[in-house]
Amino acid sequence: MMKRKITLSTFMQEIIEQLQAEGRAGTAHVYRSTLHRIVEFTGEPSIAPDEITPLWLKAFQNHLLGRGLQWNSISTYMRMLRAIYFRAVDSGLAQYRVRLFKGVYTGTRTTVKRAVDTSILQKLSDPLPEGRELNQTRMFFLLLFMLRGIPFVDIVFLRKCDYNNGVISYRRRKTGTPVDVTVEPAAEKLISQLQTDNPDSEYLFPFIHPQKGNAYRQYQNALRTFNRNLERIAQLLNCEKLSSYTARHSWATIAHYRNYQLGLISNAMGHS
12 MMKRKITLST
22 FMQEIIEQLQ
32 AEGRAGTAHV
42 YRSTLHRIVE
52 FTGEPSIAPD
62 EITPLWLKAF
72 QNHLLGRGLQ
82 WNSISTYMRM
92 LRAIYFRAVD
102 SGLAQYRVRL
112 FKGVYTGTRT
122 TVKRAVDTSI
132 LQKLSDPLPE
142 GRELNQTRMF
152 FLLLFMLRGI
162 PFVDIVFLRK
172 CDYNNGVISY
182 RRRKTGTPVD
192 VTVEPAAEKL
202 ISQLQTDNPD
212 SEYLFPFIHP
222 QKGNAYRQYQ
232 NALRTFNRNL
242 ERIAQLLNCE
252 KLSSYTARHS
262 WATIAHYRNY
272 QLGLISNAMG
282 HS
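In terms of the numbering used here, the sequence shown opens at residue 12 and continues consecutively.
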């Protein structure tokens, strides 16, 4: 039995506000982007969650294709919409329909090579002649790799109290999974060079400045700058594209090629 009538837009706004209240700014950002795409598609979405049909989903997917989005981006929006639908089912706002999302794409496709081999990592170990900012980016990239492919968002929000007695202990922002990483001497040296010199900051590295307001927005700006600098470094080294995710994927790939068990790799990276 349905509890109430509510528009898809209103329901999504409620979810976004709940995620914000829980401190899950990244997830809230993806939900908000999904809502913007739906509004772009239909105008203000006055349909109810239980009015989502396979035909509507297919038309929405075609709209996204027409806007030039890649399949992985389309999959992200469809998976968010599917999560919203299941929330609506749990809340009694929609009836469960088997295979509702079967006709749209919710998978992942490997579009580019995301890992780099050890020769590129060796090149990144040498200082660049291009100034302090690019060298800081280079050092942070190496640190991401050395800390078992820690995600960039997690290193941005690492607190000073997360680093004790040669071990970094944190919870992944994406999943909440606890992760402990032993800091080897080479990584310890990088940390000592890169850590903040602000005694009033709770964060280990100088990405977030409390006096500058919204922490998540500062993270987004730092991510854009980091990836932009990595593109410049890749051009200097004449290698494949580098991004914030490359270090993580490279660590997992190299560990796999060196015959580490997949379960161990997954656990080390904080996968559920």
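Where is the CB? At the ideal position from N, CA and C, for every residue including glycine.
- Rounded to the nearest whole angstrom, the CA to CA distance from L241 to H220 is 23 Å.
- The beta carbon of S254 is closer than 7 Å to those of N238, L241 in its chain, skipping five residues each way along the sequence.
- Secondary structure at P65: helix, using DSSP grouped into helix, strand and coil.
- Contact check for L135 against F152 passes: the beta carbons are separated by less than 8 Å.
- In the structure shown, the three-state DSSP call for R228 is helix.
- Take A197, set aside five residues on each side of it, and the residues of its chain with a beta-carbon closer than 7 Å to its own are M157, in chain order.
- For E199, same chain residues with a beta-carbon under 8 Å away, outside a window of 5 residues either side, are G177 in chain order.
- Straight-line spacing of the CA atoms in N232 and E251 works out to 23 Å.
- Contact check for Y96 against I63 passes: the beta carbons are separated by less than 8 Å.
- Of the candidates I166, Y116, G142, Y116 places its Cα closest to the Cα of L68.
- At the C-beta level, I202 and L154 come within 8 Å of one another.
- For the pair R182 and G160, the Cα-to-Cα distance works out to about 14 Å.
- One Cα belongs to D173, the other to T18, and the distance between them is close to 42 Å.
- Leaving aside the five residues that flank L46 on each side, the residues in its chain whose CB is nearer than 6 Å to its CB run, in chain order, M23.
- Ranked by Cα distance from V109, the options P65, S86, K185 are led by P65.
- Sequence-distant partners of T119 (beyond 5 residues in either direction) whose C-beta falls short of 7 Å from its own C-beta, in its chain, are N83, S86.
- For the region 84-151, the continuous alpha helix (DSSP H) assignments of 4+ residues that do not extend past its boundaries occur at 129-135, in sequence order.
- The three-state reading of DSSP puts R269 in coil, since its state is none of H, G, I, E or B.
- Sequence-distant partners of D191 (beyond 5 residues in either direction) whose C-beta falls short of 8 Å from its own C-beta, in its chain, are V178, I179, S180.
- Counting the other CB atoms within 10 Å of its CB gives S261 a total of 16 or more, which places it among the buried residues.
- For P217, no alpha helix (DSSP H) encloses it, and the DSSP letter there is neither H nor E.
- Scanning A279, S277, L273, N249 for the CA closest to the CA of S130 turns up N249.
- Among the bridge pairs identified by DSSP, P189 is matched with R182.
- By the Cβ neighbour-count rule, Q81 is exposed, with fewer than 16 other Cβ atoms within 10 Å of its own.
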